Amino acid sequence: MSIAGKVAVVTGAASGIGRGIGQTFVKAGAKVVIADLNAAQAEATAAELGANALGVAMDVTSESQVDSGMAQAAQHFGKIDILVSNAGIQIVSPLQDFAYKDWQRLMAIHLDGAFLTTRAALRHMYKQGTGGAIIYMGSVHSKEASPLKAPYVTAKHGLMGLAKVVAKEGAAHGVRANVVCPGFVRTPLVDKQIPEQAKTFGISEEEVVKNIMLKGTVDGEFTTVDDVANAVLFFAAFETNALTGQSLNVSHGWSMT
Ligand code: NAD
17 MSIAGKVAVV TGAASGIGRG IGQTFVKAGA KVVIADLNAA QAEATAAELG ANALGVAMDV
77 TSESQVDSGM AQAAQHFGKI DILVSNAGIQ IVSPLQDFAY KDWQRLMAIH LDGAFLTTRA
137 ALRHMYKQGT GGAIIYMGSV HSKEASPLKA PYVTAKHGLM GLAKVVAKEG AAHGVRANVV
197 CPGFVRTPLV DKQIPEQAKT FGISEEEVVK NIMLKGTVDG EFTTVDDVAN AVLFFAAFET
257 NALTGQSLNV SHGWSMT
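Residues in the sequence shown are numbered from 17 upward in steps of one, following our numbering.
Now the structure itself:
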């Protein structure tokens with residue numbers, strides 16, 4: 017199993033998990049497009065990774081930016097073999113106070129973004145005729161729920177449905193779709209939540225980490241960016257339709273379903 021010589025587009029790759037996936041993929045011999053809303057950070061990340069990486073400005077909620085970013089990627093590296101739909105945000109609030117615009121923004125980034133990048137990638141993959149792999153960044157929240165995270169939990173469950181449809185439609189073209197479901201990983205997305213949750217629940221930040229984030233794990237440990245990147249690499253490199261429409265928890269046992 018190898019992704020050497022393959023071309024991968026990773027969204028939200030200027031930070032956290034996406035950035036780690038970019039690094040892992042380049043190390044594995046792939047060419048990687050670092051697609052992110054933060055154009056300057058995407059360029060900087062790509063520059064760090066060298067000639068096998070390209071930074072592309074892409075707001076995944078913009079149909080025109082997604083289509084043009086994918087076209088730019090295919091033109092620069094000659095093809096698109098792998099899409100990692102990873103861009104995401106978190107907004108926490110009790111449901112009764114959740115602002116509709118925050119619900120819409122979160123849904124747009126996670127679900128509209130996954131749809132638009134999938135559609136654009138499939139068009140390239142089908143035209144190329146050499147198959148492909150699409151990996152969605154789910155979460156333990158694709159299978160479990162937590163308070164304060166209504167749109168996030170809803171969107172992450174939704175990605176499981178999208179992956180299954182892509183698996184069914186893509187099979188005839190050798191395109192596979194799977195979901196990686198991490199537990200808590202210390203990235204800017206999680207660091208932001210710790211003081212927010214401490215305030216909402218009226219507990220210390222230490223208690224948020226111990227009693228909320230890591231409580232359900234088997235060993236009280238955070239999942240790492242590398243753990244997640246390696247699981248994504250596995251799905252990306254797997255060579256047949258035997259492994260499609262599936263999900264894999266990488267969560268120190270927080271979710272076992
Ligand atoms: P992060 O905040 O470190 O990185 C997210 C990246 O997405 C940023 O570079 C940001 O600029 C980019 N982004 C945001 N909106 C965008 C948009 N509209 N278009 C393009 N890019 C956009 O977060 P992270 O923790 O690395 O999260 C990455 C993914 O992993 C998300 O989908 C998140 O839900 C998922 N996830 C994270 C954890 C965790 O504990 N960190 C756990 C499970 C799943």
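Don't be surprised by glycine CBs; every beta carbon is placed ideally from N, CA and C. Note that the structure is a prediction, hence the values are computed from the model and not measured.
Selection from the options that minimises the alpha carbon distance to residue i
{"i": "Gln120", "options": "Met17, Gly236, Ala171", "result": "Ala171"}
{"i": "Gln39", "options": "Ala55, Ala63, Leu53, Ala56", "result": "Ala63"}
{"i": "Thr273", "options": "Pro204, Lys226, Pro211, Pro198", "result": "Pro198"}
{"i": "Gly186", "options": "Pro211, Glu222, Asp97", "result": "Asp97"}
{"i": "Asn257", "options": "Ile219, Ala183, Ala247", "result": "Ala183"}
{"i": "Lys95", "options": "Gln144, Gln112, Gly236, His173", "result": "Gln144"}
{"i": "Lys117", "options": "Ala245, Gly28, Ala58, Pro167", "result": "Pro167"}
{"i": "Leu53", "options": "Met17, Asn265, Ala103, Ser18", "result": "Ala103"}
Proximity of residue i and residue j at Cβ, strictly below 8 Å
{"i": "Val48", "j": "Ala20", "result": "no"}
{"i": "Ala149", "j": "Phe251", "result": "yes"}
{"i": "Tyr152", "j": "Leu178", "result": "yes"}
{"i": "Ser162", "j": "Met176", "result": "no"}
{"i": "Val23", "j": "Ile50", "result": "no"}
{"i": "Val108", "j": "Gln213", "result": "yes"}
{"i": "Gln112", "j": "Gln209", "result": "no"}
Continuous beta strand (DSSP E) stretch holding residue i: start and end
{"i": "Ile37", "result": "From DSSP, Ile37 is part of no beta strand (DSSP E) but of the alpha helix (DSSP H) over 32 to 43."}
{"i": "Asn194", "result": "191 to 198"}
{"i": "Lys47", "result": "47 to 52"}
Rounded C-alpha distance that separates residue i from residue j
{"i": "Gly45", "j": "Asn227", "result": "40 Å"}
{"i": "Leu259", "j": "Ala253", "result": "11 Å"}
{"i": "Ala130", "j": "Pro211", "result": "29 Å"}
{"i": "Val234", "j": "His126", "result": "28 Å"}
{"i": "Ile219", "j": "Lys231", "result": "15 Å"}
{"i": "Ala274", "j": "Val72", "result": "Nothing about residue 274 can be reported from this structure: the residues present for the chain run from 17 to 273 only."}
{"i": "Gly236", "j": "His268", "result": "8 Å"}
Supposed close pair residue i, residue j - CB separation, criterion 8 Å
{"i": "Met141", "j": "Val191", "result": "5 Å"}
Residue range of the alpha helix (DSSP H) that includes residue i
{"i": "Val76", "result": "That residue, Val76, is in no alpha helix (DSSP H); it is neither H nor E in DSSP."}
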